[in-house]
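Here the structure is laid out as structure tokens; the discussion comes afterwards.
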Amino acid sequence: MTDTTAHTDDHHSQPKGLARWLFTTNHKEIGTLYLVFSLAMFIVGGAMAMIIRAELFQPGLQLVNPEFFNQMTTMHALVMIFGAVMPAFVGLANWMVPMMIGAPDMALPRMNNWSFWILPFAFLMLLSTLFMPTGAPASGWTLYPPLSLQGGNSFAFVIFAIHLMGISSIMGAINIIATILNMRAPGMTLLRMPLFVWTWLITAFLLIAVMPVLAGAVTMLLTDRFFDTSFFNAAGGGDPVMYQHIFWFFGHPEVYIMILPAFGIISEIIPTFSRKRLFGYTSMVYATASIAFLSFIVWAHHMFTTGMPLGASLFFMYATMIIAVPTGIKIFNWVSTMWRGSMTFETPMLFAIAFVVLFTIGGLSGIMLAIVPADFQYHDTYFVVAHFHYVLVTGAVFAIMAAAYYWLPKWTGNMYDERLGKIHFWWSTISVNVLFFPQHYLGLAGMPRRIPDYSVQFAEFNLISSIGGFAFGIAQLLFVWIVIKCVRGGEKATAQVWDGARGLEWTVPSPAPLHTFDTPPQVDDSVSAHKDQLA
Amino acid sequence: MKRTNELIVGLAMVAVITVITWGVFAVGDNMTPGVTPFSRDVYQLHMVVLSTVTIIGILVFAAMFTSIYLHRKSRGAEAAKFNHSTKAEIIWTVIPIVILVVMAIPATRVLIDMEDTSGADLNIKVTGYQWLWQYEYLEEDIAFYSAIDRDSNAARQIGSGISPREVDNYLLEVDNRLVVPTDTRIRILLTSGDVIHSWWVPDLGWKRDAIPGMVNEAWTLIEEPGVYRGQCAELCGKDHGFMPVVVEAVPPEEYRAWVAEQTGEQTSEQTADAQTESDPEPMDRTALMQHGEDVYDAHCASCHREDGSGMAPAFPALAGSAVVTGELSQHIDVVVNGRPGTAMAAFGQRLDARDIAAALTYTRNAFGNETGDLVQPADVEPLIESRLDESLASTEKPER
Amino acid sequence: MAQGSYYVPHQARWPIVGSVGLFLMVSGFANWMNGTSSAVAGPWLAIAGAATVILMMFGWFADVIRESEGGLYNNKVEASFRQGMIWFIFSEVMFFGAFFGALFYARMFAVPWLGGSGTGAMTNELLYPGFQAAWPTNGPANVGGAFQTVPAFDVPLLNTLILLTSGWTITMAHWALKKMKRGALVFWMLATVALGALFLFYQVEEYIHAYQDLGLTLGSGIYGSTFFMLTGFHGMHVTVGTIMLLVIAFRCMAGHFKPDHHFGFEAVAWYWHFVDVVWLVLFMFVYVI
Ligand code: HEA
Ligand code: HEA
Ligand code: CUA
Ligand SMILES: [Cu+2]
């Protein structure tokens, strides 16, 4: 871990304009590209969600026909997951990981550029299917055959778009792992790394392990549709349920891909605003690793109603329930970090606290879903929809918002507008609960998911949910404005920004110069962000 | 001061959520306890788990908000230095494990009970199609289709002008209900003819997927007579939301009477069928057109619309279609064998020659298609026969 | 000057070329597959895209080779490349894992259930009476018609030996490189390339035989699907590996690589060993058992 000083070919010929962004290899610029792309996709995916909520505003079909509704559901999920949440985390990793470990840049800067620039093309292709005569895919983001095989001409485009996203994710993940394992500054031992870096190391591993499996699954769909294979056709000796096994072998780790970096972010923010070191650093690392390990052996909890053998159901139920233990350790560690701290409540901290509460609600409903006989009733109802929006929206998305507020001053050199930030927080937090909490009741009362119309007994809660949805949507426009305002100017930020902040990224000026740590810093416990007495 | 206000708002919010949760779950809009021994077990399990996690949540949030209240800088709190405690970590690893084990035990017991489908007195095969169900009573020689009822179907169309509130059991009523006896152990065998569906009646306590080419089993024992409603619960395409399941549980005597009535009807129909098989009886124009309209509205209109205008681009219009106005053999072929890989199913499997002939006649003479052709059951019969021979498996490989 | 500092290129033009190429290529494929009237452009788009991607690879690797030979890369940079290659190969392993998973699932669960064992009793009774589980199979509906399998201890065994030998020859090449025996290095490299090509030749033979004489096609039910997808993807990897070996062989001739500095060589050798191991597993589970 010695010679990490950077050498560059052309210090002086930095291109301007579009070329700068097309050709850049700088981790900060690529990070910015990812984050801007992600915000754009969040709005696109959100707009689709608004169409869903508008149609579900009252019983009866008013706005869209059923096929288009299904297209919206499918595209909303694909855009949010692959376009908004995953790129946001990769963008944060690009910006922060090299700065947190004292590296001059990402390990493979050219490939870093490629990872990003595949994405706009992938989404161009995915979104273009909306304008094809047969419409966008309408078989849910899970693309279960045989239904997905009935798709029109857009089908092949969707499959290839997913392949492109996979290539992008895998390359991004390889880069992050190589950076973390290879580019740490002297003294930055593994157990001195900030938790955000740790969670990303493990997430990157998950990505490399499961994105190829998704690629395999959709490739089989493609050949079943176009090249006469019988993977998912029982008449030929295959099995439609086999697709679900392969898909969820990817799908369940995928949901942790969307939450582990969020855990990392929260583990950075809570100590800062509690002015106290993270409680139980080492056990946080082990808990993250255990969650990642367990994520590979629980996939079939999405398939309890497919008629698996009894033994398999029991195994997957027990394995799923065990995840509560390492996740609980994390929650308890965060609460203990706050305990006897000296807390202040700037916007990042508010989002972090809301994350802890609302993610836990989502996690607890997850435990309910894991109970097989009960899942026979919950499965494919709005109870599941409520569960995953609590973990995804108030989990992943809230953590991303928290991260944005936390690091915006470091990125732009300007403080964001704290007053607007607080308004955004309260407005979002209240409306998001109005949006998703009633969906628990809808599910329990028997409303299936993925339906464009429902019987009148579900009318009231859907009305409430839709109102919450619109309010939450408008709140996100405020967020966009806050970000723009902060980029354009504002109170100047200091290098440390938050008085409880620790770690290398806070030792460089704000805004962080284009090149940081050309000469690697020496790291010891006094600089390191986290410290565990065991370590 | 301002910060304290925020805190109070926060606490109040959590309190409100907790109270609402509990209130509403306890009072209404909770899972139904249902009408079978199994559904009650599930309901109890649900309540146990729900209470447990609610208490866990309250405890965790209470600890956190206490800290937020006490250990805030604005109250002059100084940060302590501790960052580790093995004892605490052991405690909060062990306690959750214990809780989980306690929840897993009843869950396992209920599950094992449910999986044992042996000893049934009645076997019903349920086949899902886009977008209706077929019920076959394996012991009784009764078989029929069950699709959404006409009133709901009319009201659900965009711009129908009919308010869902004016329709009884909007989206939850069918033309032919599944009639079953109470206090009888019934085994349900599920499969599908096209894509995956899921058969769900909340009051029975479970849902199970209907998978093409595979048969799933589940059982039920309904204790109270009544009408129990549910829906298809697996996305199966455009009309997934319009595929209700209605079960009518009646006392065994009443059930026997129903069976007698059905088989009586069926036998006469079957003798008619038997006749048609050897020598399909020709029908006259009005009979064909009338019956054709009924068949069309029940089986074809969900895709091709009542007026034959279809829904471009996925569902072609039959009005003016080259196939419908063109050569008859091709037309018969499309309807009997379907178009593999599309939603157009092989109706030769679902309908008999009489129905298909009528539907063909109707479509060739309605919606402005004025071919004047009459299609007789005898024209259709040979194709259906050959089709049955050919298809050992119920799923066809889509070819393209 | 470069030793001791991490090389960070400041502009990269090839990645965006690669993205455009990939985009054109897959749009072309998609269009082609749909086979609709508007699809005439498909093949051309696909070819143009593939050509762009190949151009990008040449350009990109040429840059890297130039920089490497120019001494711009220190050990740290090489360590990054090493990490990159290791994890790339891991991702490939997982990709094959999906298809092996399908094979195992079909053999251990799907087909036996169709034949009535375990939870499949009613499936067999109601839908496929008389169907008995066996492997190989094309399912209860005999999808694709009768077929025969390729015997394992015939050409496949020969191919196994060829690949194993090629693993040995590339190791010999590595030794030669470490000892700086340029002549031996080039010889062993070319031998490896030749073995790779021979393997591919026999593989193509086998496919032709399967299609023409055995009735075994991609459409032969689950057996044909798993057989051709596994061996086909493997074959594609051998093709890519052989091309990479050839490039490395040319570089060896051009005098590239030093005994302590030859990551390009090593990366390709790893890749080749990976392809080799996949074949062994495949030989075992697809042909023998
Ligand atoms: C970020 C995403 C994310 C996360 C983190 C999770 C986390 C969990 N999920 Fe979720 N899930 C999804 C995203 C996510 N899920 C999505 C998208 C779907 C639907 C996909 C689709 O069908 O489209 C889904 C569906 C889903 C199902 C299938 C439901 C169905 O379709 O029938 C199940 C079933 O077991 C499940 C379980 C769990 C569990 C047990 C966890 C656990 O990890 C939660 C652990 C956390 C806690 C338990 C809270 C904190 C712990 C404590 C305070 C300790 C004490 C607690 C106890 C002792 C109980 N999830
Ligand atoms: C990270 C993932 C993610 C995120 C962030 C979201 C965010 C939201 N989701 Fe999504 N959702 C999924 C992942 C996600 N969802 C998945 C995986 C499914 C399952 C799909 C399937 O079944 O296959 C799903 C399904 C799903 C359904 C069920 C559909 C069905 O079963 O038929 C609904 C219904 O309410 C819904 C609503 C919402 C809403 C209102 C938001 C909101 O949080 C969005 C808020 C954001 C904005 C609104 C954008 C910003 C503002 C504007 C664009 C301006 C315009 C605003 C106004 C006009 C008010 N989602
Ligand atoms: Cu049938 Cu949904
Ligand atoms: Cu899961």
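Residue numbers (the working numbering), protein chains in the order written: chain A, 1 to 535; chain B, 1 to 400; chain C, 1 to 289. Glycine residues also receive a C-beta, built at the ideal position from the N, C-alpha and C atoms.
Going by DSSP, Asp151/B is part of the alpha helix (DSSP H) stretching over 150-155. Sixteen is the threshold: since fewer than 16 other Cβ atoms of the shown chains lie within 10 Å of the Cβ of Val240/C, the residue is exposed. Judged by their CB atoms, Arg192/A and His530/A are nearer to each other than the 9 Å cut-off. The Cβ atoms of Ala138/A and Asn26/A lie no closer than 9 Å to each other. Annotated three-state conformation of Asp209/B is strand, per DSSP. Contact note: Ala445/A reaches chain B through Gly28, Asp29, Asn30, Met31, Thr32, Pro202, using a C-beta cutoff of 9 Å and chain order.
Shown here for Gly490/A: same chain residues with a beta carbon closer than 6 Å to its own, the five before and five after excluded, namely Asn414, Met415 in chain order. Gly255/C counts as exposed, since fewer than 16 other beta carbons sit within 10 angstroms of its beta carbon. Identification of residues in the segment 78-91 of chain C having a C-beta nearer than 7 Å to some C-beta of chain A yields Ala79, Ser80, Gln83, Gly84, Trp87, Phe88, Phe90, Ser91, given in sequence order. Around the C-beta of Arg107/C, 16 or more other C-beta atoms lie within 10 Å, and the residue is accordingly described as buried.
In the displayed model, Gly34/B falls within coil according to three-state DSSP, outside both helix and strand.
Fewer than three beta-carbon pairs drawn from the segment 6-23 of chain C and the segment 373-382 of chain B are found closer than 8 Å, and the two stretches are therefore not classed as touching. In the structure shown, Glu248/B falls within a strand segment according to DSSP collapsed to helix, strand and coil. For the 9 Å CB-CB criterion, Ile266/A and Met321/A do not form a contact. Those residues of the segment 106-140 of chain B placed with their C-beta closer than 8 Å to a C-beta in chain C are Lys125, ordered along the chain.
DSSP places Asn123/B outside any alpha helix (DSSP H); the residue lies instead in the beta strand (DSSP E), whose first and last residues are 122-129.
In the pairwise beta carbon analysis, the segment 330-342 of chain A is classified as touching the segment 277-292 of chain A: at least three pairs are separated by under 8 Å.
Closest in C-alpha terms to Thr54/B, from the list Ile361/A, Met132/A, Phe461/A, Gln522/A, comes Ile361/A.
Look at Ser115/A here: in three-state DSSP terms it is helix. Ala77/B sits in coil when the DSSP states are folded into three classes, being neither helix nor strand.
What Phe226/A touches in chain C, judged by beta-carbon distance under 7 Å, is Met33, going in chain order. Of Pro316/B, Leu360/B, Arg339/B, the smallest CA-CA separation from Pro133/A is found for Pro316/B. Taking C-beta separations shorter than 6 Å and ignoring five residues to either side along the sequence, the partners of Gly42/C in its chain run Gly28, Asn31, Trp32, following chain order.
For Pro240/A, the closest C-alpha among the options Asn34/C, Trp113/C, Val64/C is that of Trp113/C. Across the set Phe153/C, Ala152/C, Pro136/C, the C-alpha of Pro136/C shows the shortest separation from the C-alpha of Ala146/C. Counted as a single uninterrupted DSSP element, the beta strand (DSSP E) harbouring Glu217/B occupies residues 216-220. Pro253/A has its Cβ no nearer than 8 Å to any heavy atom of ligand 2.
Residues Gly235 of the same chain have their beta carbon placed closer than 6 Å to that of Gln203/C, with the five preceding and five following residues left out of the count. For Leu164/A, there is no enclosing beta strand (DSSP E); the residue is found in the alpha helix (DSSP H) stretching over 154-182.
In the structure shown, Gln150/A adopts helical secondary structure according to DSSP, grouped into three states. At a C-beta separation below 7 Å, Tyr105/C has these neighbours in chain A: Met242, His245.
Proximity of chain A to Gly338/B at the Cβ level (cut-off 8 Å) is not reached, the minimal Cβ distance being about 12 Å. Counting C-beta atoms within 10 angstroms of its own C-beta, Asp203/B has 16 or more neighbours from the protein chains shown and is therefore classed as buried.
DSSP, reduced to helix, strand and coil, places Trp411/A within a helical segment of the structure shown.
Within the segment 119-150 of chain C, the residues whose Cβ lies closer than 7 Å to some Cβ of chain B are Met122, Thr123, Leu126, Leu127, Tyr128, Pro140, Ala141, Val143, listed in chain order.
For Leu114/C, the chain A residues whose Cβ falls inside 7 Å of its Cβ are Ala234, Gly237, in order along the chain.
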